[in-house]
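Undergrad: Can you read through this structure? Questions will come right after.
Residue numbers (my numbering), protein chains in the order written: chain A, -9 to 273; chain B, -9 to 273; chain C, -9 to 273; chain D, -9 to 273.
Written as structure tokens, this is what we have:
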């Protein structure tokens, strides 16, 4: 979402879909430079529990398989980061028969990954073990020169996070002989100047599920777009009562999107009895 | 935690470990009857992600196996509720080879369960399919007369939630012939007055992991108690600056408990580089 | 493998890769029409444990995702058959977050599937529940008219077995209005003449992993081809001492292929101690 | 099964339940010392697929939890051996949230474990990593002095194989200070004379699921005993036509046991159509 002064007069509010976008808007709000109320669709549970986790989980592996044809069973897959994207990638990689290693900087996420059955170690140790590396952090330079130099021959590098900064491609170029060879539309081979030389970089370090596969499956986009639509309707009705800040998706919208999704899958659930409503309020 | 006026003078603050306890304290706060600041240890991530989920998940199945000797592989296990306890129970039951059915009243949790690979349906439908029923809700009368009457012969009923109210034992008595037979220390057999008669109730509907097994494994209690201890130290140092309300565990305490746990497991993790710290703040 | 009289003089032996091919050769042997010794590569453990299971498991889901873009998490996937291909498909589908239903005619495979945590039911019941159907049997007319008519709107039909006979496409044509619509290169939409009309047939009922994806990943083909090569060398050295029948791959070849594969993955394993060798022989 | 000359006249045949027992009988047969026909019940698929795998898998973890109260999630569990028992133990340990390492001497089983998503390494490497060690081999001295000396402080040693020979308790005694301390009925603590001293040995190295838990769940024993019973009836009717050797359980008995088990679980399966029967025979 561009957020420029010139647009101000016409715009009464906005919605934002991505983690990175919400971070930027929160920064604008803190700097008192936000111009109108914004609903952070990314923070709806019916968005991040499904889109960031299940959507990215499946489509990232899809992008890797389409680019390389590799068998995931038996491979060492390193998921860098254990936020919702990392959880999705790690869970699906395990489901495909891989041994999964997680790297983290947050101790709570790290121990969560460990108790979920994954190995946890520093990136420098993981670098020597991985067959496939997938960055899932939203951060910069997660995989960099020191890691490239420790990696085995023939490893695959893919990014499932945000921009093309998670894998430090600049330093990968700097330690490679000649220009990378183009193996196919989305795969380049770098010949690193040490003994274990071949590294395969997917989609130039851009998000592999968008570039090398077809992005999220429609089912998860439907959940996200439903949040978008209902949030826009909400803003249209309430913008003159809304503070100029980053708002959460109203809980009722989140619940409604969940209900519509269940309906579309033909799933019925229970409702609280009168007695249970009363019990909840009494306690 | 008793919260009585008489104790007031001696007490400068408190901590609370359980979901139910926190709910009651929040109710007291709303009624302006809270007497001193309380730290809700239950809400620390290093508490609920591990204690409520992994601790209860393992120990609930342990209690059921010790009481009944049943093979979990191939059984239909109904997890009533998909909060942290329900997630733990469902995940472990699946890990032991069971087919897991989840019931819920919250549409978002319901669709989360469905996308996690579980079946989701109303309790009345699940009643006819389950071999083992485990309540995980914190609510009352989750399994009641109408459900008992639809169940197969020989089903097992266990509670992993809070008090002995989730399984409506009163109505189970009312539809049974004679007194229940005591099969072993923690198992009673009810002969329900219809064709499919035997129901096995574990630990009289009290939480099965505490009564029929040995509660949480020490590793998860260590995490919870570390939060307790550090929260008490925090209160001791800060109580005169704390509002009389229910406080979250300070984020730094939560992080520290995670770090100590990783240390004790011999696990090292990464730290953000200077460049990454900068990137995070810039964006 | 063509097996014709004319070829006889030049040929001293053969190898066969597929389940179907081996069945045909065994039939020839029984009919005393086999002309030279054949080694059934398909029966090597380093073939069927990996190729039929892990290779087909991954590439079948790959073919379905490429053709339809569908999210597997939360879907009801019906695996028809629980041989090695069915085991692979069911395991991977579960790993991707699906609820998996298995159909079988063999009671032992059926109870194996049930104890592995899958639902087991007759095809007619599964027809009403599935979102995606995958035939894995090597048999004919597994999904037929009576099943099509019970299916939900919009289901996906794919074959991972052998020829294009597992899904009875002829009867699918017979109950559809007009010609099927071509959705993309490998997907046709049939409008069945009842209320729940759309069925999506992938790759015209031919094996979906070969037609809509790229077949097995190279790692599993390497195992199969290694068995082929070593079996051919074995025949070249031994054909004059071999009976004209279908032979198993010699155990030593199977073991060697396993060892080479471990080597290529950088994995070391233990060797029996002298004491253990002695213990094994003594008992 | 005792197999003594004196018993000969009264006995017309026998059945054998265990892997070890069958191995001994085969040895007797080879030495031409078998006195009557024996049916190897252990080799029935409805025995080993369920008893050795699912029965031992669950009850072994049960024995370990009862003896130690340990949380399995997040632990490094080493399964020594990847036969049916090892497969069961590894699968259940993973299902409980553990990171599982497999050791093997057979290259095919080793690569099978690797492709099933487990780590595979030599015992000496695994010794340094494991928190819990479970022997599943039927062999002798799988864990021995050199391994004990590399292990971390506080590790748990359990045997799920056959006799009390898999863990070399003699050498464990020899490197420990004083007599082991008895922690509880089934757990002894050895203080090994190096820095990382405490090792906890369960049930004196005897099979932990029989000693520290309650053996197999009744459901799997029912399958095994059904094979026993039907095999005895078979011998009673056919012993005068049976060669004096170790016989497999007749396929029809195996199938029947599977069918009875499905019936008892209320599960229906398909039957081949006439067309399918014909297709099978034609091909």
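Cβ atoms here follow ideal geometry from the backbone N, Cα and C, with glycine treated the same way. Every value quoted in this text rests on a predicted model; they were computed, and no experiment measured them.
1. Let's test the definition: count the other Cβ atoms within 10 Å of the Cβ of residue 35 (chain D) and tell me whether it reaches 16, buried, or not, exposed.
2. Relative to chain C, which residues along the stretch 6 to 32 of chain B have a C-beta separation below 9 Å, given in chain order?
3. In chain A, which residues lie with their C-beta within 7 Å of the C-beta of residue 262 (chain B)?
4. Give a yes or no on contact between the stretch 130 to 137 of chain C and the stretch 97 to 115 of chain C, applying the rule of three or more CB pairs nearer than 8 Å.
5. With 16 as the cutoff for other CB atoms within 10 Å, does residue 218 (chain A) come out buried or exposed?
6. Just checking, does the stretch 242 to 251 of chain C make contact with the stretch 260 to 273 of chain C on the three C-beta pairs under 8 Å criterion?
7. State the Cα-Cα distance for the pair residue -9 (chain D) and residue 66 (chain D), rounded to the nearest angstrom.
8. Closer than 8 Å to a non-hydrogen atom of the ligand PLP - does that hold for the CB of residue 42 (chain B)?
9. Please report the distance separating the alpha-carbon of residue 37 (chain C) from that of residue 213 (chain C).
10. Is it the case that the Cβ atoms of residue 51 (chain A) and residue 100 (chain B) are separated by a distance below 9 Å?
11. Which residues, in chain order, does the stretch 236 to 249 of chain C contribute to contact with chain D at a C-beta distance below 9 Å?
12. When you compare the CB positions of residue 64 (chain A) and residue 255 (chain C), do they come within less than 9 Å of one another, or not?
13. Name the chain A residues that come within less than 8 Å of residue 113 (chain B), Cβ to Cβ?
14. Taking only beta-carbon positions, decide if residue 63 (chain A) is within less than 9 Å of chain C.
15. Is residue 66 (chain A) helix, strand or coil by DSSP?
16. Would you please verify whether the beta carbon of residue 79 (chain B) is less than 9 Å from any beta carbon of chain A?
17. Using beta carbons (cut-off 9 Å, strictly below), is residue 55 (chain A) in contact with chain C?
18. Look up residue 256 (chain A) in the DSSP assignment and say whether it is helix, strand or coil.
19. With a threshold of 9 Å between beta-carbons, can residue 109 (chain C) be considered close to chain B, or not?
20. Do the CB positions of residue 190 (chain A) and residue 165 (chain A) come within less than 9 Å of each other?
21. Alpha carbon to alpha carbon, how far is residue 39 (chain A) from residue 102 (chain B)? Give it in angstroms, no decimals.
22. Beta carbons nearer than 9 Å to chain A: which residues of the stretch 129 to 152 of chain B have them?
23. If residue 26 (chain B) sits next to residue 3 (chain B), beta carbons under 8 Å apart, how far is it from one beta carbon to the other, in whole angstroms?
24. Identify, in the order they occur along the chain, each residue of the same chain with its Cβ nearer than 8 Å to the Cβ of residue 152 (chain D), setting aside the five sequence neighbours on each side.
25. So residue 45 (chain A) and residue 210 (chain A) are supposed to be a Cβ contact under 8 Å. How far apart are they, rounded?
26. CB-CB under 6 Å to residue 232 (chain B), same chain, minus the five flanking residues each way: which ones, in chain order?
27. In this structure, does DSSP put residue 25 (chain A) in helix, strand or coil?
28. Below 9 Å between beta carbons: does that hold for residue 123 (chain C) and residue 146 (chain C)?
29. Can you tell me whether residue 78 (chain D) is buried or exposed, with buried defined as 16 or more other CB within 10 angstroms of its CB?
30. Go ahead and label residue 261 (chain C) buried or exposed: buried means 16 or more other beta carbons lie within 10 angstroms of its beta carbon, across all protein chains shown.
31. Whose CA, out of A:216, A:264, A:257, A:258, lies closest to the CA of residue 242 (chain A)?
32. List the residues of chain D that residue 265 (chain C) touches, going by C-beta distances under 8 Å, in chain order.
33. Who pairs with residue 192 (chain B) in a beta bridge, going by DSSP?
34. Would you identify the three-state DSSP class for residue -9 (chain A), choosing helix, strand or coil?
35. Could you tell me the alpha carbon to alpha carbon distance between residue 192 (chain A) and residue 126 (chain A), rounded to whole angstroms?
TA: If we stick to the structure as given:
1. What you label residue 35 (chain D) is simply residue 45 of the fourth chain in a count that begins at 1. Buried is the call here.
2. none
3. By 1-based counting over the second chain, the position of residue 262 (chain B) is 272. Result: 95.
4. These segments touch.
5. Residue 218 (chain A) sits at position 228 when you count from the first residue of the first chain. By the neighbour-count criterion, in which a residue is buried when 16 or more other Cβ atoms sit within 10 angstroms of its Cβ, residue 218 (chain A) is buried.
6. no
7. Residue mapping note: residue -9 (chain D) aligns to position 1 of the fourth chain, counting from 1. Residue mapping note: residue 66 (chain D) aligns to position 76 of the fourth chain, counting from 1. Unreliable placement is indicated for residue -9 (chain D), whose pLDDT of 43 sits below 50; the coordinate value is still reported in the next sentence. Roughly 38 Å separates the two Cα atoms.
8. Looking at this structure, you won't find the ligand PLP or any other ligand, since it has none at all.
9. Along the third chain, read from residue 1 onward, the residue named residue 37 (chain C) stands at position 47. Along the third chain, read from residue 1 onward, the residue named residue 213 (chain C) stands at position 223. Each residue's alpha carbon lies about 6 Å from the other.
10. Sequence index remark: in the first chain, residue 51 (chain A) carries index 61 (1-based). Sequence index remark: in the second chain, residue 100 (chain B) carries index 110 (1-based). Between residue 51 (chain A) and residue 100 (chain B), the CB-CB gap reaches or exceeds 9 Å.
11. So the list reads 244, 245, 246, 247, 248, 249, given in the order they occur along the chain.
12. For this step, residue 64 (chain A) is matched to residue 74 along the first chain. For this step, residue 255 (chain C) is matched to residue 265 along the third chain. Yes.
13. As a position in the second chain, residue 113 (chain B) is number 123, starting the count at 1. Ordered by position in chain A, the residues that pass the 8 Å Cβ test against residue 113 (chain B) are 260.
14. Translated into the one-based positions of the first chain, residue 63 (chain A) becomes position 73. So yes, residue 63 (chain A) belongs to the interface.
15. Position 76 of the first chain, counted from the start, is the residue given in the question as residue 66 (chain A). Three-state result, residue 66 (chain A): strand.
16. Along the second chain, one-based indexing puts residue 79 (chain B) at 89. Cβ-Cβ to chain A under 9 Å: no for residue 79 (chain B).
17. What you label residue 55 (chain A) is simply residue 65 of the first chain in a count that begins at 1. Closer than 9 Å to some Cβ of chain C, the Cβ of residue 55 (chain A) qualifies, so yes.
18. Taking the first residue of the first chain as 1, we reach residue 256 (chain A) at position 266. In the structure shown, residue 256 (chain A) sits in coil (DSSP, three-state: anything other than H, G, I, E or B).
19. Within the third chain, residue 109 (chain C) is the residue found at index 119, counting from 1. Answer yes: the Cβ-Cβ gap between residue 109 (chain C) and chain B drops below 9 Å somewhere.
20. Numbered from 1 along the first chain, position 200 holds the residue referred to as residue 190 (chain A). Numbered from 1 along the first chain, position 175 holds the residue referred to as residue 165 (chain A). Going by C-beta atoms, residue 190 (chain A) is not nearer than 9 Å to residue 165 (chain A).
21. Residue 102 (chain B) sits at position 112 when you count from the first residue of the second chain. Residue 39 (chain A) sits at position 49 when you count from the first residue of the first chain. So the alpha carbons of these two residues sit roughly 7 Å apart.
22. 129, 130, 131, 132, 134
23. Position 36 of the second chain, counted from the first residue, corresponds to residue 26 (chain B). Position 13 of the second chain, counted from the first residue, corresponds to residue 3 (chain B). With 8 Å as the limit, residue 26 (chain B) and residue 3 (chain B) qualify as a contact, their Cβ atoms being about 5 Å apart.
24. The residue you call residue 152 (chain D) lines up with position 162 of the fourth chain. Closer than 8 Å at the Cβ level, and outside the excluded window around residue 152 (chain D), lie 8, 9, 10, 128, 197.
25. Taking the first chain and counting its residues from 1, the one referred to as residue 45 (chain A) is at position 55. Taking the first chain and counting its residues from 1, the one referred to as residue 210 (chain A) is at position 220. Residue 210 (chain A) and residue 45 (chain A) do touch by the CB rule: their CB atoms are close to 4 Å apart, below 8 Å.
26. Your numbering for residue 232 (chain B) matches position 242 in the second chain. For residue 232 (chain B), where only same-chain residues beyond five positions count, the Cβ hits under 6 Å are 27.
27. Locating residue 25 (chain A) in the first chain gives position 35, where the first residue counts as 1. In this structure, residue 25 (chain A) counts as coil in the three-state DSSP scheme.
28. Within the third chain, the letter at position 133 stands for residue 123 (chain C). Within the third chain, the letter at position 156 stands for residue 146 (chain C). Against a cut-off of 9 Å, the Cβ pair of residue 146 (chain C) and residue 123 (chain C) comes out as a contact.
29. Sequence index remark: in the fourth chain, residue 78 (chain D) carries index 88 (1-based). With 16 or more Cβ atoms within 10 Å of its Cβ, residue 78 (chain D) is classed as buried.
30. To locate residue 261 (chain C), count along the third chain from 1; it is residue 271. It is exposed - the Cβ of residue 261 (chain C) has fewer than 16 other Cβ atoms within 10 Å.
31. Residue mapping note: residue 242 (chain A) aligns to position 252 of the first chain, counting from 1. Comparing Cα positions, the closest option is A:216.
32. Walking along the third chain from the start, residue 265 (chain C) turns up at place 275. The answer, in chain order, is 130, 131.
33. As a first step, residue 192 (chain B) must be located in the second chain, where it is residue number 202. Assignment of beta-bridge partners to residue 192 (chain B) by DSSP yields B:177.
34. Position 1 of the first chain, counted from the start, is the residue given in the question as residue -9 (chain A). Low local confidence applies: a pLDDT of 43 at residue -9 (chain A) is under 50, so the model's placement there is unreliable, and no value is given.
35. Mapped onto the first chain, residue 192 (chain A) falls at position 202. Mapped onto the first chain, residue 126 (chain A) falls at position 136. Answer to the nearest angstrom: the Cα atoms are 14 Å apart.
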